[in-house]
Each structure stands twice: as C-alpha cells, then as structure tokens.
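**Q** What follows is a single structure, and I will ask about it in a moment.
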Amino acid sequence: MNHTSYPIIVKVFRTNDENKWDEIGTGIFTFQAFQGREKDYMGLIVVDKDTNKILLKHRISFDCIYRMEVNIILWKEPTSLTQWALSFSDHRYCADIFGFMLNEARCAKMTALTIMEANIIKEQRSARILEAIRNAARIPSRNAIKSSPELSQYNKRSGFQNRVKLYRMNIKGKWDDVGTGLAGFDFFDEISRELGSLLVVDEDTNITLLKHHISDDDIYRKEEDTLIFWKEPITSVQWALSFQEPAQCTYIWDRIRNEARNAQYNLLANQRDYKKECEEMARQAQLKKVCEKMARQEKTGENALKEE
124 MNHTSYPIIV KVFRTNDENK WDEIGTGIFT FQAFQGREKD YMGLIVVDKD TNKILLKHRI
184 SFDCIYRMEV NIILWKEPTS LTQWALSFSD HRYCADIFGF MLNEARCAKM TALTIMEANI
244 IKEQRSARIL EAIRNAARIP SRNAIKSSPE LSQYNKRSGF QNRVKLYRMN IKGKWDDVGT
304 GLAGFDFFDE ISRELGSLLV VDEDTNITLL KHHISDDDIY RKEEDTLIFW KEPITSVQWA
364 LSFQEPAQCT YIWDRIRNEA RNAQYNLLAN QRDYKKECEE MARQAQLKKV CEKMARQEKT
424 GENALKEE
C-alpha cells in the first residue's frame with residue numbers, strides 16, 4: 124500500500140437491532156494473519172488506542188461484499204448479518220486498504236474453490252473404493268475357514284486374532300481379492316514392544332499375505348466401521364482391509380494411528396538430534412581452528428624471540 128503508514132486511526136461502527144449505526148470506538152487499524160483449519164488466512168483488527176481492547180476482529184472472506192464510499196469501508200458479516208463500517212481520516216488510506224481487502228477476498232475464493240475440488244475428488248475416490256470392495260468377494264464366516272491346531276496355537280501366541288479380507292488394486296484400477304487371514308503386528312523388539320509392521324497372515328497356510336511397515340506419512344483412511352485403506356508412498360500400490368467385526372477394525376486402526384504419530388515424533392526427534400550434532404561438530408571445528416591459530420601465533424612469537 125503506497126500511501127499508508129502506521130498507525131492508522133479509524134472509527135468503528137456497527138448496526139444495532141434497530142438497524143441503526145452505533146459507534147464502537149476509535150482505534151488503531153492493522154492487518155494480521157490468522158491460523159485456519161485448512162490454511163492461514165488474512166484478517167483485520169482494530170484495537171482501542173487507549174485501552175488496547177479489541178474493537179473489531181474480522182476475517183477477510185469472499186462471502187462478504189465490501190463497499191467503499193469516499194473514506195468509509197462497509198460490509199456485512201455472512202453468518203451474523205451484522206454490518207460494520209470503518210471511517211478513515213484520510214481517503215488515501217481507505218482506498219489502499221480497500222484494494223488490499225478485495226485482493227485478499229479474491230485469493231480466499233480461489234483457495235476455497237481449490238479445497239472444495241480436492242474434497243470432491245477425495246469423496247469420489249473413497250466412494251469408488253467402497254463400491255469396489257462391496258462388490259468384491261465378501262469375507263466368509265468363521266466356520267467357512269478351517270485352521271489347523273498348530274496354526275491356531277501360533278495365532279493365539281502372536282495375537283493375530285483379527286480376521287480380515289485383504290484387497291489390492293490392480294493396474295486397471297480394480298480391486299483384487301488377495302485372501303482372507305488374520306491381522307496383527309510384527310515387533311522389532313519383544314522386550315520394548317517397538318512396533319514394526321502390520322502383517323496379514325493366511326489363516327490356513329500361515330503364508331504372509333501382507334507385510335506393511337507403518338508409515339509416518341498421512342496415508343491411512345478409515346471408512347464406515349470395518350474398512351481401512353491406504354496407498355504405499357513409494358510403490359503407490361493401494362491396499363484395503365475389510366474386517367469381519369467393527370471392534371477388530373477399530374483396534375487395528377488405533378494401533379496404526381498411534382504408531383504413525385510415534386513415527387512422526389521420532390522423525391522430528393532424530394532431526395533435532397542431527398541438527399544438534401551438526402551444530403556441535405561446527406563448534407568443535409571452529410574451536411579447532413582457533414586453537415590452531417593460537418598455536419601458530421605462539422610458535423611465531425617463540426621464533427621471534429629466538430631471532431632476537
């Protein structure tokens with residue numbers, strides 16, 4: 124804004140229940156960025172110049188219709204329908220700020236449209252996945268799958284008691300039924316119980332149908348009460364788990380989410396440790412240079428004394 128210089132003093136007005144203008148007060152006008160759910164957004168604040176009390180806090184929105192009349196900016200809140208007005212002492216300030224608000228409103232509209240399109244695409248993709256899984260072979264009843272006594276003992280010891288049907292999307296975008304098995308987790312360390320991978324083991328043959336290392340990326344989705352699906356971040360292969368019981372699905376889902384959060388925390392911790400290590404190495408290198416320089420200076424001084 125070419126002509127503006129802070130602080131900018133404005134008078135704030137608001138319509139009352141009788142649709143008449145009430146003067147709220149006189150304060151200092153500033154723009155401020157706020158943190159939103161989808162992204163940060165720009166807003167404006169007017170703070171009382173004497174008491175530092177917030178007279179107005181407004182998020183610039185494409186739903187608002189902003190108008191300018193000489194040295195006044197007016198708009199109506201889209202939700203509460205309250206009308207606001209800012210009266211500037213200098214019309215140049217008013218024109219610059221009004222232009223900035225219109226530009227921010229246009230940007231907000233473009234952002235909202237982008238988010239809306241992304242959500243529509245996500246919903247359509249989820250609907251296609253759900254429809255494909257529903258049309259695929261359904262998980263059989265418990266009595267339909269016979270397990271050997273040895274395998275039952277193995278499953279009992281390993282905690283693999285969550286029956287699930289496993290699907291994988293093929294290159295044609297259709298879901299292939301990989302098989303029916305038991306889902307559980309493989310641990311790197313049995314003492315610390317550090318979680319390693321999600322496993323699906325065939326209930327009949329004990330063959331591993333799936334071994335998926337829990338990722339710290341936000342790739343997992345849960346639909347309805349019995350479906351979990353994700354796309355591998357490296358291979359882009361899509362997997363889906365269809366559980367027989369909602370409680371089993373919830374159990375596996377909670378474990379996946381907890382481990383994903385732990386992985387994110389560990390990644391950040393490792394990054395901080397690496398940064399500290401680099402900083403320490405830099406300090407050590409700098410200290411070494413200083414010591415070498417001091418040693419050279421001392422040696423130069425000794426040689427000078429010998430020459431004398």
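Note that the working numbering has the sequence shown beginning at 124, numbered continuously upward.
Note that beta-carbon positions come from the ideal geometry of N, C-alpha and C, so glycine has one too.
1. Enumerated in chain order, which unbroken segments of the beta strand (DSSP E) with a length of 3 residues or greater are wholly contained in the stretch 316 to 359?
2. When the Cα of D309 is compared with those of P130, V323, G296, which residue comes out closest?
3. Under the DSSP definition of a beta bridge, which residues are partnered with N285?
4. Keeping to the same chain, check which residues put their C-beta closer than 6 Å to that of A218; ignore five residues upstream and five downstream.
5. Excluding sequence positions up to five away, which residues of its chain have a Cβ less than 6 Å from the Cβ of V301?
6. Residues in its own chain within less than 8 Å of I228 by CB, not counting five upstream and five downstream?
7. Short of 7 Å in beta carbon distance, which residues of its chain neighbour Y374, apart from the five on each side in sequence? Order them along the chain.
8. Taking DSSP's pairing of strands, which residues face G166 in a bridge?
9. Alpha carbon to alpha carbon, how far is N139 from F154?
10. Among D299, E368, S338, I351, which one has its Cα closest to the Cα of R384?
11. Does the distance from the C-beta atom of N194 to that of H214 stay below 8 Å?
12. Is the closest heavy atom of the ligand GTP to the C-beta of W353 under 7 Å?
13. In terms of DSSP beta bridges, what is M292 paired with?
14. Look at I131 and F152 and say whether their C-beta atoms are less than 8 Å apart.
15. Let's see if you can read the secondary structure: which residues bound the beta strand (DSSP E) around K199?
16. Would you mind sorting V135 into buried or exposed? The rule is 16 or more other CB atoms within 10 Å of its CB.
17. For F221, list the residues DSSP reports as bridge partners.
18. Does the beta-carbon distance from I294 to Y343 come in below 8 Å?
19. CA-CA distance, V458 and D299?
20. What's the C-alpha gap between A363 and I357?
**A** So, from the data block:
1. You should have 317 to 325, 331 to 336, 343 to 346, 350 to 354.
2. Among P130, V323, G296, the Cα nearest to that of D309 is on V323.
3. Assignment of beta-bridge partners to N285 by DSSP yields A306.
4. Around A218: no qualifying Cβ.
5. Same-chain partners within the cutoff: L289, R291, L332.
6. First, the residue type needs correcting, since residue 228 is Ala and not Ile in the sequence shown. Cβ contact annotation for A228 (same chain, cutoff 8 Å, sequence separation greater than five): I183, S184, F185, C187, Y189, in chain order.
7. Here the set comprises N285.
8. Answer by DSSP bridge pairing, in chain order: Q155, R182.
9. Rounded to whole angstroms, the gap between the alpha carbons of N139 and F154 is 25 Å.
10. Selection D299, E368, S338, I351 evaluated against R384 yields S338 as nearest (Cα-Cα).
11. N194 places its beta carbon less than 8 Å from that of H214.
12. For the ligand GTP, the structure offers nothing, since it holds no ligand at all.
13. Looking at the DSSP output, M292 sits in a beta bridge with W298.
14. Inclusion of I131 and F152 in the CB contact set at 8 Å is warranted, their separation being smaller than that value.
15. Element bounds for K199: 195 to 199.
16. Classification of V135: buried, given that the 10 Å Cβ count is 16 or more.
17. For F221, DSSP assigns no beta-bridge partner whatsoever.
18. Not in contact: I294 and Y343 (Cβ atoms no closer than 8 Å).
19. The requested residue 458 does not occur in the structure, where the chain is confined to residues 124 to 431.
20. Roughly 17 Å between the two C-alpha positions.
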